[in-house]
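Trainee: Protein sequences appear in the order of chains F and E.
Quick note: the first sequence uses numbering that gives the first Met the number 0, first residue 0, plus one each step.
Quick note: the second sequence uses numbering that gives the first Met the number 0, first residue 0, plus one each step.
Every residue gets a Cβ at the ideal spot worked out from N, C-alpha and C, and that includes glycine.
What you are looking at is a predicted structure, and each value in this text was computed from that prediction instead of being measured.
Take a look at the following structure, please.
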Amino acid sequence: MSPSPEIESPSAEEPPRPLPGPERSNPFTEYGLVLGVVAFITVAGWFVPASHYPLGFVYLLAVVGLSIRVGKGPVFFAAVASALAWNFVFMPPRLAFSALQIDTAIMLATYFLVALIAGQLTARLRAQERFERLREQRARTLLQLSRALDSAGGEDDAAHAALLQASRAFPGDAALYLFDDDGRLGAARNGRLALEPAACRALEEARASSFAATAAIHGTALLVIEPIPGEPPIGVLAIQRPERGRQPVDRALLHSFAAEIAAALNRRRARAAKEREKLLLESDRLHRTLLDSVSHELKTPLSVLRTAVEKLQRTDDARRRGDLVSEIHTATQRLHRLVGNLLNQTRLEAGAIKPQLDWCDVRDVISVARRELAEPLAPHPLALKIPEEMPLLFADAGLMEHVVGNLLLNAAVHTPAGTPIELTAGKTGDGRRVYLRVSDRGPGISPEVQQSLFGKFQRGRAAVSGGLGLGLSIVHGFMLAQGGSVEAGNGDDGGAVFTVYLPHASPGSLPPE
Amino acid sequence: MNSGTVSSADILIIDDEAQIRRLLGLTLGDAGHRVREASTGEEGLARFWEKEPDVLILDLGLPDMSGLDVLKKIRDRSDAPVLVLSVFGQEGSKISALDCGADDYLTKPFGEGELLARLRALLRRKKPAAGGNTVRIGAVAVDLEGRSVTRDGKLVKLTSTEFDLLALLVANAGKAMLHRQILRELWGAKGEGQTHYLRTYMMRLRRKIELEPDSPKHLLTESGVGYRLVID
Numbered sequence: 000m001s002p003s004p005e006i007e008s009p010s011a012e013e014p015p016r017p018l019p020g021p022e023r024s025n026p027f028t029e030y031g032l033v034l035g036v037v038a039f040i041t042v043a044g045w046f047v048p049a050s051h052y053p054l055g056f057v058y059l060l061a062v063v064g065l066s067i068r069v070g071k072g073p074v075f076f077a078a079v080a081s082a083l084a085w086n087f088v089f090m091p092p093r094l095a096f097s098a099l100q101i102d103t104a105i106m107l108a109t110y111f112l113v114a115l116i117a118g119q120l121t122a123r124l125r126a127q128e129r130f131e132r133l134r135e136q137r138a139r140t141l142l143q144l145s146r147a148l149d150s151a152g153g154e155d156d157a158a159h160a161a162l163l164q165a166s167r168a169f170p171g172d173a174a175l176y177l178f179d180d181d182g183r184l185g186a187a188r189n190g191r192l193a194l195e196p197a198a199c200r201a202l203e204e205a206r207a208s209s210f211a212a213t214a215a216i217h218g219t220a221l222l223v224i225e226p227i228p229g230e231p232p233i234g235v236l237a238i239q240r241p242e243r244g245r246q247p248v249d250r251a252l253l254h255s256f257a258a259e260i261a262a263a264l265n266r267r268r269a270r271a272a273k274e275r276e277k278l279l280l281e282s283d284r285l286h287r288t289l290l291d292s293v294s295h296e297l298k299t300p301l302s303v304l305r306t307a308v309e310k311l312q313r314t315d316d317a318r319r320r321g322d323l324v325s326e327i328h329t330a331t332q333r334l335h336r337l338v339g340n341l342l343n344q345t346r347l348e349a350g351a352i353k354p355q356l357d358w359c360d361v362r363d364v365i366s367v368a369r370r371e372l373a374e375p376l377a378p379h380p381l382a383l384k385i386p387e388e389m390p391l392l393f394a395d396a397g398l399m400e401h402v403v404g405n406l407l408l409n410a411a412v413h414t415p416a417g418t419p420i421e422l423t424a425g426k427t428g429d430g431r432r433v434y435l436r437v438s439d440r441g442p443g444i445s446p447e448v449q450q451s452l453f454g455k456f457q458r459g460r461a462a463v464s465g466g467l468g469l470g471l472s473i474v475h476g477f478m479l480a481q482g483g484s485v486e487a488g489n490g491d492d493g494g495a496v497f498t499v500y501l502p503h504a505s506p507g508s509l510p511p512e
Numbered sequence: 000m001n002s003g004t005v006s007s008a009d010i011l012i013i014d015d016e017a018q019i020r021r022l023l024g025l026t027l028g029d030a031g032h033r034v035r036e037a038s039t040g041e042e043g044l045a046r047f048w049e050k051e052p053d054v055l056i057l058d059l060g061l062p063d064m065s066g067l068d069v070l071k072k073i074r075d076r077s078d079a080p081v082l083v084l085s086v087f088g089q090e091g092s093k094i095s096a097l098d099c100g101a102d103d104y105l106t107k108p109f110g111e112g113e114l115l116a117r118l119r120a121l122l123r124r125k126k127p128a129a130g131g132n133t134v135r136i137g138a139v140a141v142d143l144e145g146r147s148v149t150r151d152g153k154l155v156k157l158t159s160t161e162f163d164l165l166a167l168l169v170a171n172a173g174k175a176m177l178h179r180q181i182l183r184e185l186w187g188a189k190g191e192g193q194t195h196y197l198r199t200y201m202m203r204l205r206r207k208i209e210l211e212p213d214s215p216k217h218l219l220t221e222s223g224v225g226y227r228l229v230i231d
């Protein structure tokens, strides 16, 4: 074979050639069948006491019948054989050829006409039937291909699926090469058929010169995968060229096959691009939400601070001054928490949370969290229920303080003043996890917020003071980072119940005193 | 060198934020201290060597060099008390500062009361231990010499390790103690990293010392760092 590939242009695409299908039987057996049938009629007719006329119709019937089973040639042969046998055996004088009279001549002419027409009709019928079968086979192959491509995961998966289908549909090995962003043919995807570098370069050049090549021959049958019209091909499907004398490759099927792969890959790429775009939009939206709520949440305490300070400058009344100072204090606490949560969320998103797991006492965690939240927790009586034999947690104390703090603050801002908050801790029934549970007596969690509860910027509508809606998202992120989990639900008395779980581990025993 | 009275100490502030320096100056001035300021590490070191202050307040984030480097340079030649200022979320830097010889830390934003209490504790420890060997922690009296603890006159039974832990915290009262430091003091090198020893003994000690062990007033947890005994 020549080292440079011949590249066919799309116009060179051939019409589908009907395959010499396996249903086509050997012509010799067809002639045999014809002889057998004519001989049978002749022998059987010998014993039938009838004149030669009706037997002529029987011969005619046989020719018509045979035309359904055999090709054009054998049918013509059947007509000739029938005419000869009829004339020689039955036409008086029997067992001798007789001169044709006008009526028998018409009869014989009819034989040949019928044979010709029937043969033609059957041949056409057969061709059509074969074509239908081929079309069905192509459709099935393409359907299987598109199914395989659809169910494939990534691009590599799709390439693999395409090759698998190609090996079923075409004889010999196949390979799939895709052009990269620079128009180079990358490494073969999974195929066992290797293209020579020269062939690759030729294909790359063909593509670069915006030549919409669809097929190239290079010892192997090659096919450039066709993209959406007007765009350059995205790759090459290479099919082993069958050996001489073997059944040729169905070119039409190969083209459709390649087009299907190209379409699937293009769809996949378009979808990926769209998803990237959606992700960008989503992150853009989150950014806007973040900016909106951050600026709102920052402005509120800042405006309180400003007003309070201005009033402080103008008033001498000691009690008024005390009130203003406590307002300033509350506003600074709120700012402090806000900045803390923003920082935590940023760390979570940047993947900067690297938990330092160590033994810690759940009481420590709780007391630190309570100290930080003294003010917002003041209106709620807090009940601690921690069993004496509560095991140590294997967790990051700092993260756990934020988890407990956020859960307590969440309970405090979503429930009316005066309602109690309960903090319980313990081991789960199976002893494999330890839990920490914050229950309140507020309105509970409505089904519509349950879904998005742990998402970013999800603010409960009943929240007394705004907040960024980051608290529970941070709880979720921090628990996951420590190998734990968080669950939310409603208690028997209607309030919200948040439970965080950590794997239960046992520290070594203490040294003797 | 100042006589070391709590009422009037010489305090050097190294912080690049002018507003923080101004506020600290006001607060400390009102409390009767004399305040010197520096806005960079270099300037701070120069001021420090001009005259060693009674307490150095050092911000960890400086424009020209890291606060830790300033601390190391000072610790090479002086053991003047150093109070480190860190920003929320920098647990790691607090621990390294304490490891490098800082005496205590405060996390910005902090309150005036907290700042003054820390300073008092640092200045008090500069003074030689005053006579009595009995320290009062709320309703509890700790006799360091007799190794006994009483609450309202009644004896509280402590194991020897529990007492050692309490005595260590009393000796460093007001100061944040790293887990590592406490573990090393009580159990030696092999105790380091065995945080659960400390957690368990602290839990037991709180049950004996604190009125409400679940919300302690004296044996406080320093988030991510260690423990601090607050006496007053």
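Helix, strand or coil, according to DSSP, for Ile67/F in the structure here?
Mentor: Counting from 1 along the first sequence, the entry for residue 67/F is found at position 68. Three-state DSSP puts Ile67/F in a helix.
Trainee: Where Leu452/F and Ala147/F are concerned, what is the direct C-alpha to C-alpha distance, given to the nearest angstrom?
Mentor: For the purposes of this step, residue 452/F is taken as the residue at position 453 of the first sequence. For the purposes of this step, residue 147/F is taken as the residue at position 148 of the first sequence. Each residue's Cα considered, the two are about 38 Å apart.
Trainee: For the alpha helix (DSSP H) holding Pro502/F, just list the boundary residues, first then last.
Mentor: Stepping through the first sequence from its first residue, residue 502/F is reached at position 503. Careful: Pro502/F lies outside any alpha helix (DSSP H), inside the beta strand (DSSP E) at Ala495 to Pro502.
Trainee: Does DSSP classify Ala140/E as helix, strand or coil?
Mentor: For this step, residue 140/E is matched to residue 141 along the second sequence. The answer is strand: DSSP assigns Ala140/E an E or B state.
Trainee: With Val433/F and Leu501/F assumed to form a contact (beta carbons below 8 Å), what rounded beta-carbon distance in angstroms separates them?
Mentor: Position 434 of the first sequence, counting from 1, holds the residue named residue 433/F. Position 502 of the first sequence, counting from 1, holds the residue named residue 501/F. Their Cβ separation, rounded to whole angstroms, is 5 Å, which keeps Val433/F and Leu501/F in contact under 8 Å.
Trainee: Please list, in chain order, the chain E residues whose beta carbon lies closer than 9 Å to that of Pro506/F.
Mentor: What you label residue 506/F is simply residue 507 of the first sequence in a count that begins at 1. Contact note: Pro506/F reaches chain E through Gln193, Thr194, His195, Tyr196, Arg198 and Thr199, using a C-beta cutoff of 9 Å and chain order.
Trainee: Given Val463/F, which residues of its chain have a CB within under 8 Å of its CB, disregarding the five upstream and five downstream residues?
Mentor: Taking the first sequence and counting its residues from 1, the one referred to as residue 463/F is at position 464. Caution applies to Val463/F, whose pLDDT of 46 falls short of 50 and renders its modelled position unreliable; the value that the coordinates give is listed next. Excluding residues within five positions, the ones whose Cβ falls inside 8 Å are Val412 and His413.
Trainee: Skipping 5 residues on each side, what residues in its chain have a beta carbon closer than 8 Å to that of Ser484/F?
Mentor: On the first sequence, position 485 is the one that residue 484/F refers to. Excluding residues within five positions, the ones whose Cβ falls inside 8 Å are Met478, Val499 and Tyr500.
Trainee: For Ala188/E, count the other beta carbons within 10 Å of its own beta carbon; 16 or more makes it buried, fewer makes it exposed. Which is it?
Mentor: As a working note, residue 188/E is residue 189 in the second sequence. Answer is exposed; the Cβ neighbour count stays below 16.
Trainee: Using DSSP bridges, identify the partner residues of Glu486/F.
Mentor: The sequence position of residue 486/F within the first sequence is 487, counting from 1. According to DSSP, which records beta bridges pairwise, Glu486/F is partnered with Thr498/F.
Trainee: Is the stretch 191–206 of chain E touching the stretch 67–77 of chain E in the sense that three or more CB pairs, one from each, lie closer than 8 Å?
Mentor: no
Trainee: Could you tell me whether the Cβ atoms of Asn86/F and Leu107/F are closer together than 9 Å?
Mentor: On the first sequence, residue 86/F is found 87 positions in, with the first residue counted as 1. On the first sequence, residue 107/F is found 108 positions in, with the first residue counted as 1. Cβ distance < 9 Å, so Asn86/F and Leu107/F count as in contact.
Trainee: At least one CB of chain F closer than 9 Å to the CB of Asp103/E: is that the case?
Mentor: The count along the second sequence starts at 1 and reaches residue 103/E at position 104. No, Asp103/E does not count as interfacial toward chain F.
Trainee: The alpha helix (DSSP H) that contains Gly397/F, what's its start and end?
Mentor: What you label residue 397/F is simply residue 398 of the first sequence in a count that begins at 1. Run containing Gly397/F: Ala396 to His413, per the alpha helix (DSSP H) assignment.
Trainee: Can you check whether the C-beta of Val367/F is within less than 9 Å of a C-beta belonging to chain E?
Mentor: Taking the first sequence and counting its residues from 1, the one referred to as residue 367/F is at position 368. For Val367/F, the answer is yes, since a Cβ of chain E falls inside 9 Å of its Cβ.
Trainee: Quick one: grab the DSSP three-state call for Gly55/F.
Mentor: As a working note, residue 55/F is residue 56 in the first sequence. Reduced to three states, the DSSP call for Gly55/F is helix.
Trainee: With which residues is Cys359/F paired in a DSSP beta bridge?
Mentor: To locate residue 359/F, count along the first sequence from 1; it is residue 360. According to DSSP, Cys359/F bridges with Leu392/F.
Trainee: Within the chosen definition, does the stretch 435–442 of chain F reach the stretch 420–427 of chain F through at least 3 CB pairs nearer than 8 Å?
Mentor: With a cut-off of 8 Å, the stretch 420–427 of chain F and the stretch 435–442 of chain F count as touching, because enough Cβ pairs lie within range.
Trainee: Touching or not, the stretch 306–319 of chain F and the stretch 372–381 of chain F, by the rule of three or more beta carbon pairs under 8 Å?
Mentor: No: the two stretches stay apart, fewer than three of their Cβ pairs being nearer than 8 Å.
Trainee: Between which two residues does the alpha helix (DSSP H) holding Ser325/F run?
Mentor: Taking the first residue of the first sequence as 1, we reach residue 325/F at position 326. In the DSSP assignment, Ser325/F falls within the alpha helix (DSSP H) that extends over Ala317 to Glu348.
Trainee: Counting only C-beta atoms, is Met176/E closer than 9 Å to chain F at any point?
Mentor: Numbered from 1 along the second sequence, position 177 holds the residue referred to as residue 176/E. Answer no: the Cβ-Cβ gap between Met176/E and chain F never drops below 9 Å.
Trainee: Could you give the C-beta distance for Val169/E and Leu143/E, rounded to a whole number, given that I count them as a contact under 8 Å?
Mentor: Indexing the second sequence from 1 puts residue 169/E at position 170. Indexing the second sequence from 1 puts residue 143/E at position 144. So it is a contact: roughly 7 Å between Cβ atoms.
Trainee: Distance, Cα to Cα, Thr39/E vs Leu301/F?
Mentor: Taking the second sequence and counting its residues from 1, the one referred to as residue 39/E is at position 40. Taking the first sequence and counting its residues from 1, the one referred to as residue 301/F is at position 302. Rounded to the nearest angstrom, the two C-alpha atoms are 30 Å apart.
Trainee: Going along the chain, which residues of its own chain have a beta-carbon closer than 8 Å to the beta-carbon of Ala138/E, five neighbours each way excluded?
Mentor: On the second sequence, residue 138/E is found 139 positions in, with the first residue counted as 1. Around Ala138/E: Arg150, Asp151 and Leu210.
Trainee: Can you say whether Lys156/E is buried or exposed, counting buried as having 16 or more other CB atoms within 10 angstroms of its CB?
Mentor: Here the question's residue 156/E lines up with position 157 in the second sequence. Counting the other Cβ atoms within 10 Å of the Cβ of Lys156/E gives fewer than 16, which makes it exposed.
Trainee: Consult DSSP for Gln312/F and reduce its assignment to one of helix, strand or coil.
Mentor: Your numbering for residue 312/F matches position 313 in the first sequence. Helix, per DSSP.
Trainee: Mind checking if Pro127/E is an interface residue toward chain F, Cβ cutoff 9 Å exclusive?
Mentor: What you label residue 127/E is simply residue 128 of the second sequence in a count that begins at 1. Because Pro127/E sits at a pLDDT of 49, beneath the cut-off of 50, its placement in the model cannot be relied upon, and the following sentence gives the value as read from the coordinates. For Pro127/E, the answer is no, since every Cβ of chain F falls outside 9 Å of its Cβ.
Trainee: Name the two residues that bound the continuous beta strand (DSSP E) containing Gly425/F.
Mentor: Residue numbering aside, residue 425/F sits at position 426 when the first sequence is read from its first letter. Ile420 to Lys426 is the extent of the beta strand (DSSP E) around Gly425/F.
Trainee: Give, in chain order, every unbroken run of the alpha helix (DSSP H) that is at least 4 residues long and sits entirely within the stretch 178–210 of chain E.
Mentor: For the stretch 178–210 of chain E, whole alpha helix (DSSP H) runs of length 4 or above, ordered along the chain, are 178–186 and 194–208.
Trainee: For the stretch 332–344 of chain F, enumerate the residues whose C-beta is nearer than 9 Å to any C-beta of chain E, in chain order.
Mentor: Leu334, His335, Val338, Gly339, Leu342 and Asn343
Trainee: Does the stretch 51–68 of chain E come close enough to the stretch 7–15 of chain E to have 3 or more Cβ pairs within less than 8 Å?
Mentor: Touching, yes, given that three or more Cβ pairs across the two stretches are closer than 8 Å.
Trainee: Just checking Ala410/F against the ligand ADP - is the residue's beta carbon closer than 8 Å to any of the ligand's heavy atoms?
Mentor: The ligand ADP is absent from the structure shown, which contains no ligand whatsoever.
Trainee: What are the residues that DSSP puts in a beta bridge with Ile176/F?
Mentor: Here residue 176/F refers to the residue found at position 177 when the first sequence is read from its first residue. The sequence shown places Tyr at residue 176/F, rather than the Ile named in the question. BP columns for Tyr176/F point to Val235/F.
Trainee: For Ala77/F, which beta-bridge partners are listed by DSSP?
Mentor: Residue 77/F sits at position 78 when you count from the first residue of the first sequence. Ala77/F pairs with nothing; no bridge assigned.
Trainee: Would a check of beta-carbon distances place Pro215/E closer than 9 Å to chain F?
Mentor: As a position in the second sequence, residue 215/E is number 216, starting the count at 1. With 9 Å as the cut-off, Pro215/E counts as an interface residue toward chain F.
Trainee: Where does Ser10/F sit, in a helix, a strand or coil, going by DSSP?
Mentor: Here the question's residue 10/F lines up with position 11 in the first sequence. Any answer about Ser10/F is weak, because its pLDDT of 37 lies below 50 and its placement is not dependable; what the coordinates show is given next. Helix.
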